[in-house]
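Asks:
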Ligand code: ADP
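Residue numbers (this note's numbering): 73 to 449.
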């Protein structure tokens, strides 16, 4: 056996492997000028391959082959390789005719086995988006639905902690991994692949790569609703994300201050821009419930969110109080909907989930066209 030291993953070793991968139009992947910076973090490897939208179909086998070869490198425990579609064509290579429409259709394609995908988003971080996503997902489960939870908040994947769930997804078949599961729902997070404590520097294309892979290379079971915990904010990454995923709609989580200000509005505007229906607004930390006396104080004034939602023309799904119990249980990996199902906040989360279910059903009945896809260059 080789000594351990020589097994350290390096970008050079990865690149050497890519010299054996042939590409459409001739030559090797390593020499194609399309491979992004190769990022090695411990025993995990990340890179992307830039293609024009119409080249996606022709280059998918290249991506798959590169991923397989790198995964077989000794010492490599995880690979994230994806095609990143650029608006302008990258250098070289023959381009198949008439492929643009096909590439678009593929990008917006449904995920096998998954009926509806709902994004949980927020205008900024720290408003309780992930906590809300987890409890809504479990609330939908309590409604009797088959539920999946995808942690797309790759900058700060907190779903593993909120569910008290760790482990490594197993490879099933060639390139597909099995989701983990907890409390009866299927779960996938980049945190399972890189560890929650690993500081990740995400460079441009890696973001979409990782999210696409978690969506499309995971063997999801029969799923009525997949809840996606989105990265916070309303920048380009979120916009692209919203377009890549065939969303049934979005839920926007906001604190009363943000609602009164601008962040939630920005969220609504962002989804409207890409023709994703906003299924509703959840107001978080609206009121303070005193753990000693049970008295509820509307710290920020009351009813503002409902009025604001009305003004924006989106459904108001409910308000969750600022309750120390929510924070304690969440941080202990015991979401209230399952750990204290009879508590007031758990009931609120279930009501929100029930309303959301109604909104999803309404949207499905209206049969929307797939969202348009715009590729970032
Ligand atoms: P985000 O996903 O928006 O960054 P999180 O869901 O991670 O926010 O929540 C941030 C912190 O606030 C966490 O410690 C969480 O436990 C806490 N928190 C979220 N919602 C509530 C609430 N309604 N009451 C008390 N604490 C909450």
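For every residue, glycine included, the Cβ atom is placed at its ideal position computed from N, Cα and C.
Applying the criterion that 16 or more other CB atoms from any shown protein chain within 10 Å of the CB defines a buried residue, is residue 243 buried or exposed?
Replies: Your numbering for residue 243 matches position 171 in the chain shown. Residue 243 should be labelled exposed.
Asks: Buried or exposed for residue 169, please, with buried defined as at least 16 other CB atoms from any protein chain shown within 10 angstroms of its CB.
Replies: On the chain shown, position 97 is the one that residue 169 refers to. Any reading at residue 169 needs caution, since the residue's pLDDT is 35, under 50, leaving its predicted position unreliable; the model's value is listed next. So residue 169 counts as exposed.
Asks: Rounded to whole angstroms, what is the Cα-Cα separation between residue 198 and residue 138?
Replies: Against the chain shown, residue 198 aligns to sequence position 126. Against the chain shown, residue 138 aligns to sequence position 66. Spanning the two alpha carbons is a distance of roughly 37 Å.
Asks: Give the straight-line distance between the Cα atoms of residue 386 and residue 100, rounded to the nearest whole angstrom.
Replies: If you number the chain shown from 1, residue 386 lands on position 314. If you number the chain shown from 1, residue 100 lands on position 28. Near 51 Å, if we compare the C-alpha coordinates of residue 100 and residue 386.
Asks: Would you mind giving the Cβ-Cβ distance between residue 194 and residue 325, rounded to the nearest angstrom? I have them listed as a contact below 8 Å.
Replies: Here residue 194 corresponds to residue number 122 of the chain shown, with the count starting at 1. Here residue 325 corresponds to residue number 253 of the chain shown, with the count starting at 1. Yes, residue 194 and residue 325 are in contact; Cβ-Cβ is about 5 Å, under 8 Å.
Asks: At which residues does the beta strand (DSSP E) containing residue 203 begin and terminate?
Replies: The sequence position of residue 203 within the chain shown is 131, counting from 1. Counting along the chain, residue 203 falls outside any beta strand (DSSP E), though it belongs to the alpha helix (DSSP H) covering 201-214.
Asks: Let me know the beta strand (DSSP E) ranges lying completely inside the stretch 230-274, each 3 residues or longer, listed in chain order.
Replies: For the stretch 230-274, whole beta strand (DSSP E) runs of length 3 or above, ordered along the chain, are 252-254 and 257-261.
Asks: Cβ of residue 151 less than 7 Å from any chain C Cβ?
Replies: Absent from the structure: chain C. Only one protein chain is present.
Asks: Go through its chain and collect everything with a Cβ distance to residue 148's Cβ below 7 Å, but skip five positions before and after it.
Replies: Residue 148 sits at position 76 when you count from the first residue of the chain shown. Within the same chain, residue 148 has close Cβ partners 81, 115, 117 and 142.
Asks: Can you tell me whether residue 229 is buried or exposed, with buried defined as 16 or more other CB within 10 angstroms of its CB?
Replies: Translated into the one-based positions of the chain shown, residue 229 becomes position 157. Its Cβ being crowded by 16 or more others within 10 Å, residue 229 is buried.
Asks: Taking only heavy atoms of the ligand ADP into account, decide whether any of them is closer than 6 Å to the Cβ of residue 302.
Replies: To locate residue 302, count along the chain shown from 1; it is residue 230. The answer is no for residue 302.
Asks: Determine the extent of the beta strand (DSSP E) in which residue 187 is found, giving its start and end residues.
Replies: If you number the chain shown from 1, residue 187 lands on position 115. 186-193 is the span of the beta strand (DSSP E), which, as asked, contains residue 187.
Asks: Say yes only if the C-beta of residue 399 is nearer than 6 Å to one or more non-hydrogen atoms of the ligand ADP, and no if none qualify.
Replies: Taking the chain shown and counting its residues from 1, the one referred to as residue 399 is at position 327. Residue 399: yes, Cβ under 6 Å from the ligand ADP.
Asks: Kindly list the residues whose CB is nearer than 8 Å to the CB of residue 154, restricted to its own chain and excluding five residues on each side of it in sequence; keep chain order.
Replies: Looking up residue 154 in the chain shown gives position 82. So the qualifying residues of the chain are 120, 121, 135, 277, 280, 281, 282, 284 and 285.
Asks: Under a three-way DSSP split, which group does residue 449 fall into?
Replies: For the purposes of this step, residue 449 is taken as the residue at position 377 of the chain shown. Residue confidence is low: residue 449 scores 39 on pLDDT, short of 50, so the model does not pin down where it sits. Its coordinate-derived value is still stated next. Coil, per DSSP.
Asks: Using a Cβ-Cβ cutoff of less than 7 Å, which residues in the same chain neighbour residue 89 once the five nearest sequence positions on both sides are dropped?
Replies: Here residue 89 corresponds to residue number 17 of the chain shown, with the count starting at 1. Excluding sequence neighbours, residue 89 sits near 141, 142 and 145.
Asks: Measure the CB-CB distance between residue 354 and residue 204 and report whether it falls below 7 Å.
Replies: What you label residue 354 is simply residue 282 of the chain shown in a count that begins at 1. What you label residue 204 is simply residue 132 of the chain shown in a count that begins at 1. Yes. Within cutoff.
Asks: Is there contact here, the stretch 202-222 with the stretch 394-408, by at least three beta-carbon pairs under 8 Å?
Replies: Yes, since at least three Cβ pairs between the stretch 202-222 and the stretch 394-408 fall closer than 8 Å, the two stretches touch.
Asks: Taking the continuous alpha helix (DSSP H) assigned at residue 319, which residues delimit it?
Replies: Start at 1 with the first residue of the chain shown, and residue 319 comes out as number 247. Where residue 319 is concerned, there is no enclosing alpha helix (DSSP H), given that its DSSP letter is neither H nor E.
Asks: Taking Cβ positions, are residue 360 and residue 394 nearer each other than 7 Å?
Replies: Here the question's residue 360 lines up with position 288 in the chain shown. Here the question's residue 394 lines up with position 322 in the chain shown. A contact, by the Cβ cut-off of 7 Å.
Asks: Measuring CB to CB, does residue 232 end up less than 7 Å from residue 263?
Replies: Position 160 of the chain shown, counted from the first residue, corresponds to residue 232. Position 191 of the chain shown, counted from the first residue, corresponds to residue 263. Yes, the pair counts as a contact, with Cβ atoms nearer than the cut-off.
Asks: For residue 141, list the residues DSSP reports as bridge partners.
Replies: To locate residue 141, count along the chain shown from 1; it is residue 69. According to DSSP, which records beta bridges pairwise, residue 141 is partnered with nothing at all.
Asks: Measure the beta-carbon distance from residue 321 to residue 218 and round it to whole angstroms, keeping in mind my assumption that it falls under 8 Å.
Replies: The residue labelled residue 321 in the question sits at position 249 within the chain shown. The residue labelled residue 218 in the question sits at position 146 within the chain shown. Contact doesn't hold; Cβ gap of about 18 Å is too wide.
Asks: When you compare the CB positions of residue 102 and residue 91, do they come within less than 7 Å of one another, or not?
Replies: The residue you call residue 102 lines up with position 30 of the chain shown. The residue you call residue 91 lines up with position 19 of the chain shown. Contact: yes.
Asks: Determine the direct distance from the alpha carbon of residue 378 to that of residue 254, and round the result to whole angstroms.
Replies: Here the question's residue 254 lines up with position 182 in the chain shown. Here the question's residue 378 lines up with position 306 in the chain shown. Taking the straight line joining both Cα atoms gives about 33 Å.
Asks: At what residues does the beta strand (DSSP E) containing residue 376 begin and finish?
Replies: Indexing the chain shown from 1 puts residue 376 at position 304. Unbroken run through residue 376 is the alpha helix (DSSP H), 376-384; no beta strand (DSSP E).
Asks: Looking at the unbroken beta strand (DSSP E) that takes in residue 116, where does it start and where does it end?
Replies: Working through the chain shown from its first residue, we reach residue 116 at position 44. That run of the beta strand (DSSP E) goes 116-123.
Asks: Would you report the Cα separation of residue 127 and residue 236, rounded to the nearest angstrom?
Replies: The sequence position of residue 127 within the chain shown is 55, counting from 1. The sequence position of residue 236 within the chain shown is 164, counting from 1. If you take the alpha carbons of residue 127 and residue 236, they lie about 41 Å apart.
Asks: Could you check how far apart the C-beta atoms of residue 357 and residue 192 are, in whole angstroms? I think they sit under 8 Å.
Replies: Locating residue 357 in the chain shown gives position 285, counting from the first residue. Locating residue 192 in the chain shown gives position 120, counting from the first residue. Wrong, their Cβ atoms sit about 16 Å apart, outside the cutoff.
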